Amino acid sequence: MNLTELNKVATAMVAPGKGILAADESSGTIKKRFDAIGVESTESNRRDYREMLFRSKEAMSQYISGVILYDETIWQDAKDGTPLVRLIEQSGAIPGIKVDEGTQALPMCPGELVTVGLDRLAERLKKYYERGARFAKWRAVIDIGSGIPSMTAISVNAHALARYAALCQAAQIVPIVEPEVLMDGDHDIDRCHEVTQRVLNKTFQELRVQRVALEGMVLKPNMAISGKKCPKQASVEEVAEKTIRLLKACVPAAVPGIAFLSGGQSDEEATAHLNAMHKLGPLPWGLTFSYGRALQAAPQKAWAGTAENVAAGQTAFSHRARMNGLASRGEWQSSLEQKAA
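For the record, in the sequence shown the residue sitting at position 178 is 177 according to numbering that gives the first Met the number 0, with numbers rising by one throughout.
Spelled out as structure tokens, the structure:
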């Protein structure tokens with residue numbers, strides 16, 4: 000393992016003003032997104048859509064540091080035969096790959112899940128590295144509900160995250176460690192804060208046990224936020240303040256950066272929350288975005304599956320990427336959204 004090189008990649012992934020595009024939707028998820036815009040989810044349509052994003056010169060070169068790909072996408076070529084990973088590299092961004100294989104029910108823990116995919120991961124990582132991937136992603140899912148999460152769910156998911164991270168570093172790939180506490184319930188922000196703290200503490204304990212070099216990883220956590228069904232939604236300022244307090248308590252300064260997931264927030268909410276956190280600096284790590292839906296909902300709608308809408312899709316993508324790039328420096332204002340509209 001060359002830690003200097005891993006640290007260089009991890010630092011570039013959270014460079015000021017840039018963030019990570021999560022374009023790693025599974026076949027099932029992208030089908031739902033395409034159904035919503037009336038586009039058939041064929042391999043060529045998925046390829047055309049992602050090629051449109053990766054050829055968005057302004058967005059990719061100025062605001063995107065890396066792209067998380069799905070297994071299908073990393074092996075695909077653009078219409079002109081250029082591998083999609085080359086398009087990402089040519090823009091100056093770093094190609095990455097989602098390596099977990101989804102979730103399964105956790106035995107003896109009703110309503111809880113464990114992420115799978117460690118079998119043969121070492122061999123898969125070698126192939127992904129040869130194809131150009133320099134970072135990977137593994138997502139653990141922790142739900143909040145009546146009597147959950149259990150310590151069992153937190154422990155097994157943290158253990159799997161750390162094993163994945165160690166395998167990545169051994170393969171000279173930077174692991175994005177993503178323990179996501181879902182925002183689907185009716186819990187308030189304080190419950191989210193408390194659960195997330197337990198999850199992060201256990202995750203870092205496991206990372207240390209498994210000798211993962213913190214300088215060669217990126218953390219992708221949820222924000223401390225009210226559940227979607229909670230009658231009292233926390234303000235932007237409260238989300239920022241409680242999230243930063245949580246991260247300072249749990250995340251060692253050796254970690255080069257934290258790239259938030261959007262987790263079901265609206266485009267503008269995800270941007271406003273990130274921006275407000277930067278007002279609370281200075282911070283010990285880089286702080287940026289690793290958004291999927293919050294970067295892609297607008298371009299998907301504008302593109303709508305037709306070649307003549309590619310430019311409109313790219314304009315919408317560039318706008319969202321720019322807004323989040325500004326937020327990752329604490330320079331975003333809501334008036335900039337209205338100007339674009």
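We treat Cβ as the ideally placed atom computed from N, Cα and C, and that holds for glycine. These figures come from a predicted structure and were not determined experimentally.
Bounds of the beta strand (DSSP E) holding lysine 97 are 93 to 97. The closest CA to that of methionine 216, considering only Phe134, Asp189, Ile141 and Glu236, is found on Phe134. Contact between the region 325 to 337 and the region 27 to 37 is absent: fewer than three C-beta pairs spanning the two stretches fall below 8 Å.
CA-CA distance, tryptophan 331 to histidine 277, rounds to 10 Å. Here the alpha carbons of cysteine 108 and valine 155 stand approximately 11 Å from one another. Between serine 261 and the set Lys231, Asp183 and Arg328, the nearest pair of CA atoms involves Asp183.
Sorting Gly131, Leu120, Val173 and Pro178 by C-alpha distance to the C-alpha of isoleucine 141 places Pro178 at the top. Between the alpha carbons of threonine 81 and arginine 321 lies a distance of about 26 Å.
Per DSSP, the continuous alpha helix (DSSP H) segment holding alanine 35 begins and ends at 26 to 35.
Around the Cβ of serine 225, a 10 Å sphere holds 16 or more other Cβ atoms; the residue is buried. Between the beta-carbon of serine 55 and that of glutamine 313 there is about 4 Å, and that keeps the pair under the 8 Å contact cut. By the Cβ rule, the region 4 to 16 counts as touching the region 160 to 178, because three or more pairs are nearer than 8 Å.
Each of Glu122, Ala223, Trp74 and Gln196 was checked against the Cα of leucine 273, and the nearest Cα belongs to Ala223. Between the alpha carbons of leucine 213 and leucine 112 lies a distance of about 26 Å.
Taking the Cβ atoms as the reference, proline 174 lies roughly 14 Å from threonine 10, outside the contact range of under 8 Å. Methionine 59 sits close to serine 90, with the two beta carbons spaced by under 7 Å. Put simply, the backbone Cα of arginine 45 is about 8 Å away from that of isoleucine 29. Of the candidates Ala152, Gln264, Ala77 and Glu193, Ala152 places its Cα closest to the Cα of proline 106. In the structure shown, valine 217 adopts extended strand secondary structure according to DSSP, grouped into three states.
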